[in-house]
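Here is the structure we will look at, set down as structure tokens.
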Amino acid sequence: MTTAQTQELDVQPTPLALLLLGREADPRSERGVECPGDLPSASDPDLVARARAAKEKLGDKVFVLGHHYQRDEVIQFADVTGDSFKLARDAAARPEAEYIVFCGVHFMAESADILTSDDQKVVLPDLAAGCSMADMATAEQVAECWDVLTEAGIAEQVVPVSYMNSSADIKAFTGKHGGTICTSSNAERALNWAFEQGEKVLFLPDQHLGRNTAVRDLGMSLEDCVVYNPHRPNGGLTAEELRAAKMILWRGHCSVHGRFSLDSVNDVRERIPGVNVLVHPECKHEVVAAADYVGSTEYIIKALEAAPAGSKWAIGTELNLVRRLANRFAPEGKEIVFLDKTVCFCSTMNRIDLPHLVWALESLAEGTLVNRIEVDKETEAFAKLALERMLALP
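Under the numbering used here, the first residue of the sequence shown carries the number 98, and numbering increases by one thereafter.
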């Protein structure tokens with residue numbers, strides 16, 4: 098593809114040669130891709146027994162965290178399950194655990210390392226388990242964005258608010274510039290706090306959560322929001338557009354939640370009369386506006402727990418969780434389907450499979466520390482500052 102073609106399609110050429118997963122590392126990426134060591138075969142019939150034996154050998158020295166989007170084969174070995182922030186806090190509450198094995202993705206393991214003690218070691222079974230959304234905002238890009246805001250004369254009015262689904266570097270930037278972190282559960286509180294501190298918000302890295310919270314919860318208009326595209330000069334925005342905006346949304350999105358469309362909602366309503374549409378706020382604004390209920394993964398789970406028997410639900414979130422909930426509540430007569438007809442797992446979350454988990458646990462049981470996720474002290478300090486601001490939200 099020529100340079101002219103990439104510009105026409107609004108695509109940034111890959112800055113580095115494409116990498117073979119498991120062989121190299123991309124220093125510009127939020128996640129690493131190198132995964133040393135020989136993994137057991139995925140067809141090994143003894144994998145479950147091996148995982149169980151290694152975990153028992155480690156005893157209280159290991160604490161296994163399982164994100165809601167993990168495979169069933171992995172989640173069965175989790176000591177606790179939850180969303181990314183809940184799991185990081187659960188890890189911090191277990192100081193006796195020398196090893197925290199995080200079955201999730203890279204930014205989640207970073208958050209766990211930030212919140213746990215120096216004596217605890219966070220392990221990610223596959224370093225290639227990244228997050229496409231987190232990768233959409235690099236430290237260099239965000240620093241350049243701040244320069245653009247400074248040149249427009251508005252940086253002093255802007256408070257950064259970064260979604261938990263971001264790298265440690267972005268969390269540190271947020272802390273250093275007086276901002277806070279948010280989750281999909283407390284984004285409204287975080288934005289209310291931010292607008293008490295300044296006149297504008299730079300929301301990183303998920304444009305949809307930022308837009309949905311501003312418009313749906315805070316009553317702003319779509320015209321109050323602009324999208325900063327890091328692949329275009331000055332973010333593709335004029336200084337006047339930046340000065341007029343209240344919400345400066347980073348051009349990032351979740352590759353899974355971004356797949357759901359208004360057609361998906363309309364189609365499921367036709368196919369299943371009386372269905373309740375429940376979606377995650379990382380979905381596009383038109384999907385959220387057409388849904389019956391909107392909330393985080395924890396909200397989705399609680400809503401289905403409280404739902405009456407015989408009710409029908411179409412869920413717009415990652416398929417592993419939807420399938421698990423469908424199986425869990427089927428005996429109660431609750432019909433739960435995936436919102437889209439197209440099957441879509443989170444590809445990077447699914448990199449944590451049983452062979453990787455077995456390899457990590459057996460290595461630890463043999464005294465070999467593998468795939469440690471460690472955030473440098475300066476980054477950790479500023480990132481923790483941003484997280485502490487979130488914890489102090491009214």
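Idealized CB from N, CA, C, for every residue including glycine. All figures in this text were calculated on a predicted structure; none of them were measured in a lab.
CB of residue i within 8 Å of CB of residue j, strictly
i: L299; j: I345; result: yes
i: P327; j: A231; result: no
i: R469; j: K218; result: yes
i: V419; j: I433; result: yes
i: V239; j: A194; result: no
i: G276; j: A483; result: yes
i: A427; j: L339; result: no
i: H309; j: V385; result: Strictly speaking, residue 309 in this sequence is Asn, with His absent from that position. Contact flag set, yes.
Distance between residue j and residue i (C-alpha atoms, nearest Å)
i: R329; j: A139; result: 43 Å
i: D244; j: A287; result: 24 Å
i: G227; j: C380; result: 20 Å
i: L315; j: A284; result: 10 Å
i: A175; j: A206; result: 15 Å
i: S393; j: A387; result: 17 Å
i: E383; j: E170; result: 35 Å
i: A281; j: P378; result: The sequence shown places Ser at residue 281, rather than the Ala named in the question. Spanning the two alpha carbons is a distance of roughly 7 Å.
i: E296; j: G430; result: 49 Å
i: G179; j: H164; result: 5 Å
i: V502; j: D187; result: The question about residue 502 has no answer here: the residues shown for the chain are numbered 98 through 491.
i: F270; j: R147; result: 42 Å
i: A189; j: I278; result: 18 Å
i: L212; j: N289; result: 25 Å
i: L373; j: R425; result: The question names Leu, yet the displayed sequence has Asn at residue 373. In a straight line, the C-alpha of N373 is about 18 Å away from that of R425.
i: G413; j: E320; result: 26 Å
i: V496; j: F479; result: Nothing about residue 496 can be reported from this structure: the residues present for the chain run from 98 to 491 only.
i: G272; j: F435; result: 37 Å
i: E485; j: Q294; result: 16 Å
i: G371; j: K409; result: 7 Å
i: T235; j: C242; result: 11 Å
i: A489; j: D143; result: 47 Å
Buried versus exposed, by CB contacts within 10 Å (16 or more), residue i
i: A122; result: At A122 the pLDDT is 48, less than 50, meaning the model places this residue with poor confidence; the figure from the coordinates comes in the next sentence. By the neighbour-count rule (16 or more Cβ atoms within 10 Å), A122 is not buried but exposed.
i: E503; result: One cannot answer for residue 503 here, as it falls past the ends of the chain, which runs 98 to 491.
i: P405; result: exposed
i: S214; result: exposed
i: E477; result: buried
i: N363; result: exposed
i: E471; result: exposed
i: G307; result: buried
i: P257; result: buried
i: T445; result: buried
i: R368; result: exposed
i: T247; result: exposed
i: E93; result: Here the chain covers residues 98 to 491 and nothing more, so residue 93 does not appear.
Residue i - DSSP class collapsed to helix/strand/coil
i: G307; result: helix
i: R469; result: strand
i: F442; result: coil
i: F357; result: coil
i: M578; result: Nothing in the structure corresponds to residue 578, since the chain is present only between 98 and 491.
i: A480; result: helix
i: T280; result: coil
i: S138; result: coil
i: Y396; result: helix
i: F182; result: helix
i: F292; result: helix
i: E475; result: helix
i: L401; result: helix
i: S259; result: strand
i: A492; result: Outside the displayed span of the chain (98 to 491) sits residue 492, for which this structure offers no information.
i: R125; result: At R125, the pLDDT of 47 sits below 50, so the modelled position is not reliable; the number obtained from the coordinates is stated separately. Three-state result, R125: coil.
i: G272; result: helix
i: F174; result: coil
i: G119; result: Low confidence applies here, because G119 scores a pLDDT of 40, under 50, leaving its location unreliable; read the following figure in that light. Three-state DSSP puts G119 in coil, outside helix and strand.
i: V372; result: coil
i: K299; result: First, the amino acid is wrong: residue 299 is Leu here, not Lys. Note: L299 maps to strand in three-state DSSP.
i: I251; result: coil
i: C380; result: coil
Own chain partners of residue i with C-beta closer than 7 Å, once the 5 adjacent residues on each side are dropped
i: D437; result: R356, F357, S361
i: R168; result: N417, N447, D450
i: N331; result: V245
i: F204; result: E127, C228, A231, N262, S263, S264
i: L359; result: E383, V384, A387
i: D210; result: V219, I470, E471, V472
Contacting residues, own chain, Cβ-Cβ under 6 Å from residue i (five flanking each side not counted)
i: S208; result: A185
i: A462; result: A151, K154, L155
i: P222; result: I449, H453, L454, A457
i: R233; result: The sequence given here has Met at residue 233, not Arg. Cβ within range, chain order: P302, G349.
i: A291; result: V256, V258, V298
Residue i beta carbon near the ligand GDP (any heavy atom closer than 7 Å)
i: A231; result: Questions concerning the ligand GDP fall outside what the structure shown contains, since it holds no ligand whatsoever.
Own chain, CB closer than 8 Å to residue i, minus 5 neighbours either side, in chain order
i: E475; result: A269
i: E395; result: G179, D180, K183, S282
i: A252; result: W243, L246
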